[in-house]
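Residue numbers for the sequence shown follow the numbering used here, so the first one is 252 and each next one is one higher. Beta carbons are placed, not taken as given, at the ideal position from N, Cα and C, and that holds for glycine. Predicted model only: the values in this text are computed from it and were never measured.
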Amino acid sequence: MTQARAAKPPKSRPSAPTNGRRIQVRRSGVHGKGVFAVAEIPPGDVVIEYKGEVITWPEALRRHPHDPSQPNHTFYFHVDEEHVIDGNVDGNAARWINHACEPNCEADEVEGRVFIKALRPVLPGEELFYDYGLVIDQRYTKKLKKEFECRCGTTGCRGTMLAPKR
Numbered sequence: 252m253t254q255a256r257a258a259k260p261p262k263s264r265p266s267a268p269t270n271g272r273r274i275q276v277r278r279s280g281v282h283g284k285g286v287f288a289v290a291e292i293p294p295g296d297v298v299i300e301y302k303g304e305v306i307t308w309p310e311a312l313r314r315h316p317h318d319p320s321q322p323n324h325t326f327y328f329h330v331d332e333e334h335v336i337d338g339n340v341d342g343n344a345a346r347w348i349n350h351a352c353e354p355n356c357e358a359d360e361v362e363g364r365v366f367i368k369a370l371r372p373v374l375p376g377e378e379l380f381y382d383y384g385l386v387i388d389q390r391y392t393k394k395l396k397k398e399f400e401c402r403c404g405t406t407g408c409r410g411t412m413l414a415p416k417r
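Below, the structure written as structure tokens:
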């Protein structure tokens with residue numbers, strides 16, 4: 252995982268006081284809502300923990316999709332072969348961090364918890380991204396890649412949020 256910036260640089264920095272907060276959820280030029288730095292975040296710093304209800308995979312499948320009009324959009328985060336975090340239930344701002352093929356953050360799983368860490372200095376006004384690296388067992392077709400289309404706009408964009416097949 253390397254680095255990324257928002258597809259469209261922010262026009263202005265947030266003017267509201269940060270009150271000690273380093274991130275803020277607001278409209279994203281990449282997709283819907285996004286999470287933005289309101290203060291500089293040094294590399295290696297934990298930005299936020301991905302919170303939500305920890306459920307089993309069978310329960311995740313039962314709940315899927317959260318929104319039938321967007322069947323491939325969820326707030327699920329894979330923890331292990333038995334568990335997933337459902338950020339749609341008791342979740343926090345981390346669920347709004349968008350995907351980028353060249354992200355400025357990464358997800359780090361530690362004992363069943365997921366922490367989003369900065370890969371490089373993240374400056375005020377920058378949108379936070381991590382590589383979703385979605386894994387799907389079926390063959391990657393043009394149609395499937397389009398269903399999981401990436402809109403990050405980075406020079407290294409692979410066009411999909413799906414992880415490369417090995």
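Bounding residues of the beta strand (DSSP E) (the contiguous stretch that carries A288): On the sequence shown, position 37 is the one that residue 288 refers to. Unbroken beta strand (DSSP E) run through A288: K284 to A288.
Using only CA atoms, which one of R409, Q389, R278 and E357 lies nearest to F287? For this step, residue 287 is matched to residue 36 along the sequence shown. Here the closest residue by C-alpha is R278.
Are the stretch 398-413 and the stretch 357-365 touching by the rule of at least three beta carbon pairs closer than 8 Å? no
Delimiting residues of the beta strand (DSSP E) encompassing A345: Here residue 345 refers to the residue found at position 94 of the sequence shown. Bounds of any beta strand (DSSP E) do not take in A345, whose DSSP letter is neither H nor E.
Within 7 Å: the Cβ of G342 and any heavy atom of the ligand NAP? In the structure shown, the ligand NAP is absent, as is every other ligand, since no ligand is present at all.
Would you report the Cα separation of V298 and K397, rounded to the nearest angstrom? Translated into positions along the sequence shown, residue 298 becomes position 47. Translated into positions along the sequence shown, residue 397 becomes position 146. Cα to Cα, the separation comes out at about 30 Å.
Nearest neighbour of G467, chosen from A290, I306, A369 and W347 [CA to CA]: There is simply no residue 467 to check, as the chain begins at 252 and stops at 417 in what is shown.
Cα-Cα, which of G295, F328 and Q321 is closest to V386? Position 135 of the sequence shown, counting from 1, holds the residue named residue 386. Checking every option, the nearest Cα to that of V386 belongs to F328.
Looking only at C-alpha atoms, which of V373, G384 and T325 sits nearest to E291? As a first step, residue 291 must be located in the sequence shown, where it is residue number 40. When each option's Cα is compared against that of E291, the closest is V373.
Helix, strand or coil at A311 [DSSP, three-state]: Taking the first residue of the sequence shown as position 1, residue 311 is located at position 60. Judged by DSSP in its simplified three-state form, A311 adopts helix.
Less than 8 Å between the C-beta atoms of E378 and A345, yes or no? Taking the sequence shown and counting its residues from 1, one reaches residue 378 at position 127. Taking the sequence shown and counting its residues from 1, one reaches residue 345 at position 94. For E378 and A345, no; Cβs fall outside 8 Å.
Which same chain residues, not among the five before or five after K416, have their C-beta less than 8 Å away from its C-beta? In the sequence shown, counting from the first residue as 1, residue 416 sits at position 165. Same-chain partners within the cutoff: Y391.
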